[in-house]
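Those sequence lines, one after another, are chains Z and R. Whatever position you read off the first sequence (first residue = 1), add 104 for our numbering. Whatever position you read off the second sequence (first residue = 1), add 104 for our numbering.
Number of protein chains: 2
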Amino acid sequence: MGSEGAFSAQKRGSGGLPTANAAVNGGARSRAASLLPRGRQIHKTFNNIKITILCGFVTILVLRGTIGLGNLVSSEADAENQHLIEETNRILAEIRSDKDPTDPDDGPEQFLGLNDTFSLGPRISTWDQDRKVWLEKNPQFPSYVNGKPRFLLVTGSQPTPCDNAIGDHYLLKALKNKIDYCRLHGIEIVYNMAHLDKELAGYWAKLPLLRRLMLSHPEVEWIWWMDSDALFTDMVFEIPVSKYKDHNMVIHGYPDLLFEQKSWIALNTGSFLFRNCQWSLDLLDSWSPMGPKGPLREEAGKILTANLKGRPAFEADDQSALIYLLLSQEQWMSKVFVENSFYLHGFWEGLVDRYEEMIEKYHPGLGDERWPFVTHFVGCKPCGSYGDYPVERCLKSMERAFNFADNQVLNLYGFRHRGLVSPNIKRIRNETVAPLVNVDQFDIRHAAHHTTEPQS
Amino acid sequence: MGSEGAFSAQKRGSGGLPTANAAVNGGARSRAASLLPRGRQIHKTFNNIKITILCGFVTILVLRGTIGLGNLVSSEADAENQHLIEETNRILAEIRSDKDPTDPDDGPEQFLGLNDTFSLGPRISTWDQDRKVWLEKNPQFPSYVNGKPRFLLVTGSQPTPCDNAIGDHYLLKALKNKIDYCRLHGIEIVYNMAHLDKELAGYWAKLPLLRRLMLSHPEVEWIWWMDSDALFTDMVFEIPVSKYKDHNMVIHGYPDLLFEQKSWIALNTGSFLFRNCQWSLDLLDSWSPMGPKGPLREEAGKILTANLKGRPAFEADDQSALIYLLLSQEQWMSKVFVENSFYLHGFWEGLVDRYEEMIEKYHPGLGDERWPFVTHFVGCKPCGSYGDYPVERCLKSMERAFNFADNQVLNLYGFRHRGLVSPNIKRIRNETVAPLVNVDQFDIRHAAHHTTEPQS
Chain Z
105 MGSEGAFSAQ
115 KRGSGGLPTA
125 NAAVNGGARS
135 RAASLLPRGR
145 QIHKTFNNIK
155 ITILCGFVTI
165 LVLRGTIGLG
175 NLVSSEADAE
185 NQHLIEETNR
195 ILAEIRSDKD
205 PTDPDDGPEQ
215 FLGLNDTFSL
225 GPRISTWDQD
235 RKVWLEKNPQ
245 FPSYVNGKPR
255 FLLVTGSQPT
265 PCDNAIGDHY
275 LLKALKNKID
285 YCRLHGIEIV
295 YNMAHLDKEL
305 AGYWAKLPLL
315 RRLMLSHPEV
325 EWIWWMDSDA
335 LFTDMVFEIP
345 VSKYKDHNMV
355 IHGYPDLLFE
365 QKSWIALNTG
375 SFLFRNCQWS
385 LDLLDSWSPM
395 GPKGPLREEA
405 GKILTANLKG
415 RPAFEADDQS
425 ALIYLLLSQE
435 QWMSKVFVEN
445 SFYLHGFWEG
455 LVDRYEEMIE
465 KYHPGLGDER
475 WPFVTHFVGC
485 KPCGSYGDYP
495 VERCLKSMER
505 AFNFADNQVL
515 NLYGFRHRGL
525 VSPNIKRIRN
535 ETVAPLVNVD
545 QFDIRHAAHH
555 TTEPQS
Chain R
105 MGSEGAFSAQ
115 KRGSGGLPTA
125 NAAVNGGARS
135 RAASLLPRGR
145 QIHKTFNNIK
155 ITILCGFVTI
165 LVLRGTIGLG
175 NLVSSEADAE
185 NQHLIEETNR
195 ILAEIRSDKD
205 PTDPDDGPEQ
215 FLGLNDTFSL
225 GPRISTWDQD
235 RKVWLEKNPQ
245 FPSYVNGKPR
255 FLLVTGSQPT
265 PCDNAIGDHY
275 LLKALKNKID
285 YCRLHGIEIV
295 YNMAHLDKEL
305 AGYWAKLPLL
315 RRLMLSHPEV
325 EWIWWMDSDA
335 LFTDMVFEIP
345 VSKYKDHNMV
355 IHGYPDLLFE
365 QKSWIALNTG
375 SFLFRNCQWS
385 LDLLDSWSPM
395 GPKGPLREEA
405 GKILTANLKG
415 RPAFEADDQS
425 ALIYLLLSQE
435 QWMSKVFVEN
445 SFYLHGFWEG
455 LVDRYEEMIE
465 KYHPGLGDER
475 WPFVTHFVGC
485 KPCGSYGDYP
495 VERCLKSMER
505 AFNFADNQVL
515 NLYGFRHRGL
525 VSPNIKRIRN
535 ETVAPLVNVD
545 QFDIRHAAHH
555 TTEPQS
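Structural data, given as structure tokens:
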């Protein structure tokens with residue numbers, strides 16, 4: 105390339121250089137070429153080689169980037185794994201994108217306007233009486249069993265796989281944790297994975313769910329909503345229901361934060377009790393109007409931020425809306441018990457590092473800061489992509505809380521976890537030919553049974 | 105670069121070209137330069153530009169490959185997501201690699217030798233009597249409730265996250281499915297995520313678990329083992345326990361496959377019942393010797409392959425071992441009920457494509473091929489990396505089975521899934537001011553209650 109160009113330049117040039125006539129034979133041409141100084145020839149060749157090498161290098165880099173040439177040398181297992189991941193993702197996308205073109209609900213999203221009214225359902229005004237009559241007619245479905253009111257624990261998660269792969273694993277562990285507590289205390293569980301009302305999704309989804317469950321389970325006396333990121337950490341503690349015989353809602357919080365500071369975190373709706381009664385239906389009806397997504401929720405968010413201390417600017421959430429409702433409408437507070445004598449909700453950050461100290465000094469059954477009833481991983485969001493805390497801190501802490509609780513369950517079987525971060529267990533009691541001695545001593549239900557609260 | 109080289113060549117050259125003396129001033133030098141034909145100058149410049157561009161391009165490509173320069177232009181979200189994945193993987197690796205150097209159990213793996221004897225625990229020989237005495241002393245923990253024997257459903261999965269991310273999501277859904285069935289039928293659940301015996305891991309892990317649970321839960325009459333990949337698909341059907349009053353084990357299978365063909369798939373240990381009694385403890389003791397990993401399990405595998413029709417060559421599994429045990433030791437079969445009048449275990453492949461047909465023609469409560477009680481996803485292994493069937497087929501089928509079952513649960517609440525592959529639901533009954541009418545009509549427990557079998 106270079107030499108040709110130089111040659112042509114020579115031909116074109118007119119000042120004092122020997123020119124090679126086109127008609128001159130090959131010999132003349134090579135004679136002309138040999139007229140180039142040897143150094144320049146070397147230099148030209150060197151240039152050519154440089155450019156060739158550079159071009160070759162660039163080609164390789166580009167190929168590597170585009171067709172993954174580097175992958176040809178990875179193992180077959182990697183290729184299969186990659187294929188598995190791609191297949192899985194494709195199927196997930198298909199599942200997630202399900203739309204029914206004939207379904208009017210599946211049309212373009214339509215938000216309620218600011219002047220529209222939202223309703224969870226037709227107003228029911230005789231629920232207490234209706235329920236009482238039903239219970240009398242159905243003695244095989246009593247609302248009190250062995251002197252204890254019937255509880256239904258409600259929790260749930262999104263119907264589709266978590267954005268973060270590890271999220272589903274922790275949802276699974278958190279569910280096992282709830283199954284264990286509820287088995288020990290005779291509580292039924294509903295795990296919801298459905299959106300009952302497309303207006304009220306996300307944290308608002310619990311409202312239509314609570315209504316639907318209350319009306320479908322008249323035998324249930326108390327509905328207990330619990331977030332999927334909350335774990336039981338005291339397997340012995342029982343809710344002291346007799347305290348609440350004159351109340352219809354029990355929620356963890358601090359009265360001074362609520363009434364004096366009007367703080368947006370005065371109460372926590374991650375774990376609360378709701379009596380199955382008319383009052384609760386009415387509260388839900390008053391609570392829900394800030395929920396419907398779109399302009400209603402946006403505007404409501406502004407009102408909440410303006411009125412509640414410390415609240416950042418974002419759309420209305422169920423917790424802020426409840427606080428605002430209780431502060432602005434007088435009729436509710438008399439039936440709401442703001443509980444903080446035990447951790448119906450226990451914010452994880454101040455608790456998870458103290459488990460070893462708790463094991464050393466205290467024992468299950470206390471339910472408070474000495475041995476928290478519930479450890480709630482607010483802000484960790486393992487199912488989503490963006491939590492408010494470092495991932496490592498969250499995952500390790502959830503692992504610790506899970507194992508701290510699991511040890512209390514495994515105790516009956518003679519095992520415990522090797523460490524609070526370990527999924528593996530070790531034996532703490534040998535097998536015996538008299539296992540029933542251990543049952544009498546270590547079964548939590550026996551301990552709970554002997555301290556049953558008198559019926560309210 | 106090029107021009108300098110050419111210039112030096114000119115200087116060195118001696119044939120016929122005007123040379124520039126080093127002492128010549130700038131003017132002379134530029135005069136010498138202007139002596140180069142204009143075309144060659146352009147050509148040289150062009151060469152230089154080419155090389156500069158090439159070098160610049162290469163630099164960018166290399167940088168992009170090494171320091172991920174390309175990421176600077178991708179969204180912040182991608183970078184955060186990548187970080188999240190890396191963090192998660194790092195933490196998982198840490199959790200999985202937990203080892204306690206002070207723990208003798210954590211030393212290098214030691215297998216039992218072929219001449220060693222394995223035992224699940226010290227031999228208990230008076231369990232029936234011990235249990236009877238205990239039940240009499242503890243009337244608050246009866247083994248029969250409302251005329252029905254007390255069941256404990258046992259299932260579980262590995263303590264660490266699945267190899268395949270989607271696996272945990274399906275474990276979660278399968279657990280919700282079991283929670284729903286068990287809530288409707290008053291059955292308690294134990295979800296095991298621990299290895300009770302390091303010799304017996306994998307499919308053998310259920311043996312020490314069954315023993316441990318029997319001995320720790322004397323109030324339980326029947327223990328029901330169910331694999332994590334088995335789903336309830338008939339939410340109404342109840343196990344006809346009176347059929348089994350003279351039996352201690354109920355397992356799905358086919359007598360001719362068992363006795364005549366000695367087939368390795370004559371029975372399925374993915375879903376079976378085990379009465380809490382001495383006979384069962386004895387069976388476990390006879391069943392377990394083929395289980396301990398290492399030479400024992402390997403050798404046992406060879407015996408099983410040699411004796412059971414169709415069995416591939418691999419280490420001993422619990423199902424083949426049970427079949428072999430029942431065929432080679434006479435004393436067991438009289439108490440084993442080989443059940444195939446309903447799908448205590450229903451192999452998924454022949455069932456999942458027929459759900460729409462079932463919905464059209466039949467109704468829940470049949471439990472057999474018309475409306476299978478249990479659909480069992482043998483071979484799909486969503487938690488692992490390598491299933492025996494295409495991933496898409498498995499995931500879609502599990503989704504369909506889950507929704508087919510979930511529809512039966514949602515029916516009480518007035519909803520169903522939009523399609524058998526859809527996680528989304530639609531309303532099938534309007535909200536009403538008389539919800540208890542629907543409870544009476546649609547609550548499965550009311551239907552089950554009215555058809556309670558007489559106590560055996």
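For every residue, glycine included, the Cβ atom is placed at its ideal position computed from N, Cα and C.
Beta carbon of R/Arg315 nearer than 7 Å to that of R/Leu377
no
Is there a Cβ from chain R that is less than 7 Å from the Cβ of Z/Tyr493?
no
Give the interface partners of Z/Lys347 over in chain R, defined as CB-CB distance under 8 Å, in chain order.
Neighbours of Z/Lys347 on chain R: none; closest Cβ ~24 Å, over 8 Å.
R/Ile270, enclosing alpha helix (DSSP H) - first and last residue:
Ala269 to His289
7 Å Cβ cutoff met for R/Thr259 and R/Tyr307
no
Looking only at its own chain, which residues have a Cβ that is under 6 Å from the Cβ of R/Trp475, when we skip the five neighbours before and after it?
Asp338, Met462, Tyr466 and Pro468
Could you confirm whether any beta carbon from chain Z is found closer than 7 Å to the beta carbon of R/Val537?
yes
Within 10 angstroms of its Cβ, does Z/Leu218 collect 16 or more other Cβ (buried), or is it exposed?
exposed
Which value, in whole angstroms, describes the spacing of the CA atoms of Z/Asp104 and Z/Met394?
The first residue shown for chain Z is 105 and the last is 560, placing residue 104 of chain Z beyond what the model contains.
Taking C-alpha atoms, which residue in Z/Glu535, Z/Ser346 and Z/Glu453 lies nearest to Z/Val478?
Z/Glu453
Could you spell out the range, first to last residue, of the beta strand (DSSP E) harbouring Z/Lys530?
Ile529 to Arg531
Name the DSSP beta bridge partners of R/His521, please?
R/Ile529
Distance, Cα to Cα, R/Gly160 vs Z/Asn268?
39 Å
Answer yes or no: do Z/Lys485 and Z/Lys413 have a C-beta to C-beta separation smaller than 7 Å?
no
Mind checking if R/Asp234 is an interface residue toward chain Z, Cβ cutoff 7 Å exclusive?
yes
Tell me whether Z/Tyr348 is buried or exposed, calling it buried when 16 or more other Cβ atoms sit within 10 Å of its Cβ.
buried
Pairing CB atoms from the stretch 372–389 of chain R with CB atoms from the stretch 339–358 of chain R, are three or more of them under 8 Å?
yes
Considering only residues of the same chain and omitting the five flanking positions on each side of Z/Ser261, which have a CB-CB separation below 6 Å?
Leu275 and Ser332
I want to check one thing, is the minimum distance from the CB of R/Ser445 to the heavy atoms of the ligand GTP below 6 Å?
What this structure holds is no ligand at all, so the ligand GTP is not there to describe.
Cα-Cα separation between Z/Trp326 and Z/Ser247, rounded to whole angstroms
9 Å
Pairwise C-alpha distance: Z/Arg401 and R/Leu317
50 Å
Kindly indicate the opening and closing residues of the alpha helix (DSSP H) around Z/Arg497.
Val495 to Leu514
Compute the Euclidean distance between the alpha carbons of Z/His289 and R/Arg522, then round it to the nearest angstrom.
36 Å
Please tell me whether R/Trp238 and R/Leu385 are closer than 7 Å, where the distance is taken between their beta carbons.
no
Among R/Ser229, R/Pro263, R/Gly491 and R/Phe222, nearest to R/His299 - alpha-carbon criterion
R/Pro263
Does the Cβ of R/Gln512 have 16 or more other Cβ atoms within 10 Å, making it buried, or fewer, making it exposed?
buried
Coil, strand or helix - Z/Ala334 by DSSP
strand
The stretch 289–301 of chain R: positions lying closer than 8 Å to chain Z by Cβ
Glu292, Ile293, Val294, Tyr295, Met297, Ala298, His299 and Leu300
Answer with yes or no whether the minimum CB distance from Z/Asp272 to chain R is below 7 Å.
yes
Would you say Z/Ser247 reaches chain R, if we count a Cβ-Cβ gap shorter than 7 Å as a contact?
no
Straight-line gap, R/Val525 to R/Leu335 (C-alpha atoms, nearest Å)
15 Å
Output the distance between the C-alpha atoms of Z/Lys236 and Z/Ile293, rounded to the nearest integer angstrom.
23 Å
Determine the direct distance from the alpha carbon of Z/Arg415 to that of Z/Arg379, and round the result to whole angstroms.
29 Å
Excluding the 5 residues flanking Z/Leu256 on each side, which residues of the same chain have their C-beta closer than 8 Å to its C-beta?
Ile291, Glu292, Ile293, Val294, Leu317, His321, Val324, Trp326, Ile327 and Trp328
Bridge partners for R/His480 per DSSP, in chain order?
R/Ala334 and R/Phe451
Spatial neighbours of R/Pro205 in its chain, beta-carbon cut-off 6 Å, leaving aside the 5 residues before and after
A caution first: R/Pro205 carries a pLDDT of 46, below 50, which makes its placement in the model too unreliable to give a value.
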